[in-house]
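Quick notes on the structure that follows.
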Amino acid sequence: MHILIVGIKASGKGTQARQIAEELNVPHISSGDLLREIDKTSPLGKEVRSYIDKGNYIPDKLILKIVSQRLAEDDCQKGVVFDGFPRTLVQAKAFDKSYKFDKVIFIDISKKNALHRIAGRWTCSNEHCNISYNILTTPKPQKPGICDECGSKLFQREDETKEAALKRINTDLKEMNPMLEFYEKQRIVIKINGEQSIQDVHAEIVQKLCLH
Ligand code: AMP
């Protein structure tokens, strides 16, 4: 199955994409993770970081190239759960020429709720762990400022300051709607209420995809 998960920043799309990919036994391709994995000290890594840290999108051509390279790998042939790519109408139209989604899952949450979630978000500073916590919602770390899994310090990501997050969410909203309209014409969009617990969002996706 070829699936795209769409949602504004902090909608929970990453968490849901990982769970659905596991359930379907296909790879989870997160464009944000692919970008963050690029060596920060390389010229490409520095260029990519300069966009991300300010809450800006990477140029369409560049992200298309990076995702296409990952997609050419053997494990992607029987299906993929895409998370964060495509995220503009330009990207969707370009990608549609060579790749068709079976379903597009739209995780719907309000801007207010997204900003509240981001304000409480702390991430593990260990690059190999990278787990996110939320001190205002869940999951909360057991010891404040310390990762439950590896004991490293938690920090607030530069792209998750109030200013960068607001800019990113406004861009997400502007870009997402025309892209969703494009997929709605293909009758493949499933809308999910993202303002529920992680388990309930997952259950709604499973039910609407008829997985069980
Ligand atoms: P995410 O992990 O989805 O929050 O993505 C982190 C950052 O990576 C975003 O703020 C963008 O700067 C960049 N990014 C990820 N996916 C895309 C995309 N499809 N198009 C442009 N920029 C992207």
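With the sequence shown counted from 1, adding 873 to any position gets you my numbering.
Cβ atoms here follow ideal geometry from the backbone N, Cα and C, with glycine treated the same way.
Residue environment, Cys1083, which counts as buried when at least 16 other CB atoms sit within 10 Å: Exposed is the call here.
query: If you draw a straight line from the alpha carbon of Ile1008 to that of Leu944, how long is it in whole angstroms?
result: Taking the straight line joining both Cα atoms gives about 35 Å.
- request: Let me know if Arg1060 comes out buried or exposed under the rule of 16 or more other beta-carbons within 10 Å of its beta-carbon.
  value: The residue in question, Arg1060, is exposed, as its Cβ has fewer than 16 Cβ neighbours within 10 Å.
field: Between the CA atoms of Ser998 and Leu877 - distance to the nearest angstrom
entry: Taking the straight line from one Cα to the other gives about 28 Å.
query: Is there contact here, the segment 1044-1056 with the segment 947-961, by at least three beta-carbon pairs under 8 Å?
result: Touching, yes, given that three or more Cβ pairs across the two stretches are closer than 8 Å.
message: Please identify the residue among Cys1023, Ala965, Glu1068, Glu895 whose C-alpha is closest to the C-alpha of Asp933.
response: Per the Cα distances, Ala965.
query: Near Lys1088, which residues of its chain fall below 8 Å by C-beta distance, leaving aside the five closest residues on each side in sequence?
result: No statement about residue 1088 is possible, as the shown extent of the chain runs from 874 to 1085 and does not include it.
query: Are any of the Cβ atoms in chain C nearer than 7 Å to that of Glu895?
result: Among the chains in the structure shown there is no chain C, since it carries only a single protein chain.
- prompt: In three-state DSSP terms, what is Ser923?
  reply: Helix.
- prompt: Rounded to a whole number of angstroms, what is the C-alpha to C-alpha distance between His875 and Ile1063?
  reply: Cα to Cα, the separation comes out at about 14 Å.
Tyr930 Cβ short of 6 Å to the ligand AMP heavy atom set: Within the cutoff, so yes.
field: Within 7 Å, strictly: CB atoms of Gly1024 and Ser884
entry: Going by C-beta atoms, Gly1024 is not nearer than 7 Å to Ser884.
task: Run the proximity test for Tyr972: is its beta-carbon closer than 6 Å to any non-hydrogen atom belonging to the ligand AMP?
output: Tyr972: no, Cβ never under 6 Å from the ligand AMP.
task: With Ser1005 as the anchor, note down where its beta strand (DSSP E) starts and where it stops.
output: Its beta strand (DSSP E) spans residues 1005-1007.
field: Extent of the continuous alpha helix (DSSP H) to which Thr888 belongs
entry: Start and end: 886-897.
query: Terminal residues of the continuous alpha helix (DSSP H) containing Asp906?
result: Note, Asp906: alpha helix (DSSP H), 904-909.
- prompt: Based on the DSSP secondary-structure assignment, which residues constitute the bridge partners of Thr996?
  reply: Under DSSP, the beta-bridge partners assigned to Thr996 are Ser1005, Phe1028.
- prompt: With respect to 6 Å, is the separation between the Cβ of Leu935 and the closest non-hydrogen atom of the ligand AMP below this value?
  reply: No, Cβ of Leu935 sits at least 6 Å from all heavy atoms of the ligand AMP.
message: I'd like to check one pair, Asp926 with Glu1022: are the Cβ atoms closer than 7 Å?
response: The Cβ atoms of Glu1022 and Asp926 lie no closer than 7 Å to each other.
message: Following a CB-centred definition, is Tyr924 positioned closer than 6 Å to any heavy atom of the ligand AMP?
response: Tyr924 Cβ: within cutoff of the ligand AMP.
field: Given Glu1054 as reference, the closest of Val977, Ile1065, Lys1013 once Cα atoms are compared
entry: Ranking the options by Cα distance to Glu1054, first place goes to Val977.
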